[in-house]
Amino acid sequence: NLILEGKVAVISGAASPRGIGLATARMFAKYGAKVVILDLDEKASAEAAASIGPEHRGFGCNVADLDSCKSAAERAIAEFGKIDILINNAGITQPVKTQEIDPVSWERILDVNLRGVLYLSQAFLPQMKKQKAGSIVCMSSVSAQRGGGILGGPHYSAAKAGVLGLAKAMARELGPDNIRVNCVAPGLIQTDISAGKITEDKKAEIAASVPLCRLGFADDVAAAYLYLASDLSAYVTGHCLDVNGGMHI
Ligand code: NAD
C-alpha cells in the first residue's frame, strides 16, 4: 500500500530543478499522490509537473500575493476536487549582515518566507475545513533555531522563526478541524539556493562540523515532509522536525 495513495498534495516553490520542492513532488508522486506544483512562473511550474507524469499539474503562483494564492487554490481544487496536503516550501534568502538590511530587502525576505506561508494556507484552509481533514507542513530552517549563519541574513532567521510561531498557532487553532500543521527545519541542503553563494572550501568546512559529516540532500528533506504530510504522523501536530545531520545538537 502506497502511503499517499488517493491524496492530493500542493507544493509551493517546486519548479526549481535541483530544489527541495521538486524532489518532494517526485517523492510524493512515487508514494501515490497527485501533485500540484506552485511556483512563480506558470510555464516552468507546468513543465516541472509534466516531468513527473501527466496526472500532475503546475500553476503559476506568487505566495506573497493573496489573490495569486487564492486563484491557484481555485485552479487546484477545480482540477482535483480536494486538497489533502499543503507544503509551504517556497522561500528565498539573502546573505547579508544586520546593518545591510534595508526596508526593501526586509520586506522581500519576510514577504516570501513568512507572509507566503500565511497567504497560501489561508487560500487552502476553507477547503480543508470543509473536508474536516488536512495536513500542512511549513519550511523553517536551522537558521531560525541557531540565529542564522550559513545562508540567510538576520531577516531570513526572523522570517523562518516566524514560521515556527505561525505554524504552532495554526496547529492549536485548527486541530479541532482535524487539520495538522507541522514544520521542517533543515540544515545546509545542496540546492540552487546555495549555488554560487558558498565556496567548496566553506561547504567542506560546514560538512566537517556536522555530526553526520555531510551536507543534506533535497531527498533528506522530502522524506521528512513525506512523514509529516502522511497519515503516519496522524497524532503529530505543532512539531518541528530537524533535518540537519545533527548540526543543532
Ligand atoms: P530553491 O531556490 O531551489 O527553491 C526555492 C523555490 O521557491 C524556487 O523554485 C523559487 O522559484 C520559488 N519561489 C521563490 N519565491 C517565490 C514566490 N514568491 N512564490 C512562489 N515560489 C517562489 O531553494 P531550496 O533550497 O529548494 O529551498 C526550498 C525551501 O527550503 C526555502 O523555503 C528555503 O528557505 C528552505 N531551506 C533551504 C535550505 C538549504 O540549505 N537549501 C535550508 C533550510 C531551509
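Here the working numbering is used: the first residue of the sequence shown is -15, the next is one more, and so on.
All residues carry an ideal CB built from backbone N, CA and C; glycine is no exception.
Bear in mind the structure is a predicted one, so any value in this text is a computation, not a measurement.
Considering only heavy atoms of ligand 1, does any lie closer than 7 Å to the CB of residue i?
i: Asp176; result: yes
i: Arg2; result: yes
i: Leu212; result: no
i: Ile36; result: no
i: Ser125; result: yes
i: Gly132; result: no
i: Val47; result: yes
i: Pro87; result: no
i: Ala33; result: no
i: Val96; result: yes
i: Ile76; result: yes
i: Gly(-3); result: yes
i: Gly100; result: yes
i: Pro170; result: yes
i: Ile173; result: yes
i: Leu50; result: no
i: Asn166; result: no
i: Asp203; result: no
i: Asn73; result: yes
i: Leu135; result: yes
i: Leu225; result: no
i: Gly5; result: yes
I'd like the list of long-range same chain contacts for residue i, defined as Cβ closer than 7 Å, with 5 residues on each side in sequence excluded.
i: Lys239; result: Here the chain comprises residues numbered -15 to 233, so residue 239 is not present and cannot be evaluated.
i: Thr77; result: Leu135, Gly136, Tyr140 and Ile177
i: Leu196; result: Gly229 and Gly230
i: Phe108; result: Val(-6), Ala57, Ile67 and Leu70
i: Leu216; result: Ile(-13)
i: Tyr211; result: Ser217
Under DSSP, the beta strand (DSSP E) around residue i begins and ends at which residues?
i: Lys18; result: Lys18 to Asp23
i: Pro110; result: Pro110 -> not in any beta strand (DSSP E); alpha helix (DSSP H) instead, spanning Gly100 to Gln115.
i: Pro170; result: Ile163 to Pro170
According to DSSP, residue i sits in a beta bridge with which residue or residues?
i: Phe43; result: Leu22
i: Ser(-4); result: Leu22
i: Val227; result: Pro170
Among the residues of its own chain, which have a CB less than 8 Å from the CB of residue i, if the five just before and after it don't count?
i: Gly16; result: Leu(-14), Ile(-13), Leu(-12), Glu(-11), Gly(-10) and Lys(-9)
i: Ser127; result: Gly133, Ile134, Leu135, Gly136, Tyr140, Ser141 and Lys144
i: Asp203; result: Ala7 and Met11
i: Ser124; result: Lys144, Ala145, Val147, Leu148, Ala151, Cys167, Val168, Ala169 and Cys224
i: Glu31; result: Ala(-1) and Gly42
Going by DSSP, what residue range makes up the alpha helix (DSSP H) through residue i?
i: Gly118; result: Per DSSP, Gly118 belongs to no alpha helix (DSSP H); it is in the beta strand (DSSP E), Gly118 to Met123.
i: Asp185; result: Glu184 to Ser193
i: Ile319; result: Any property of residue 319 remains undetermined from this structure, which presents the chain solely from -15 to 233.
i: Glu58; result: Leu50 to Phe64
i: Lys152; result: Pro138 to Leu158
i: Glu(-11); result: Glu(-11) -> no alpha helix (DSSP H), and no H or E assigned at all.
i: Phe12; result: Ile4 to Lys14
i: Tyr261; result: For residue 261 there is no data in the structure shown, the boundaries of the chain being -15 and 233.
i: Pro87; result: Pro87 to Leu94
i: Ala130; result: Reading the sequence as shown, one finds Arg at residue 130 and not Ala. Counting along the chain, the alpha helix (DSSP H) containing Arg130 begins and ends at Val126 to Arg130.
Short of 6 Å in beta carbon distance, which residues of its chain neighbour residue i, apart from the five on each side in sequence? Order them along the chain.
i: Ala74; result: Ser(-4), Gly(-3), Val47 and Gly100
i: Arg41; result: Val20, Ala33 and Glu63
i: Gly222; result: Lys152 and Ala155
i: Ser119; result: Ile69, Arg164 and Ala213
i: Gln174; result: Leu199
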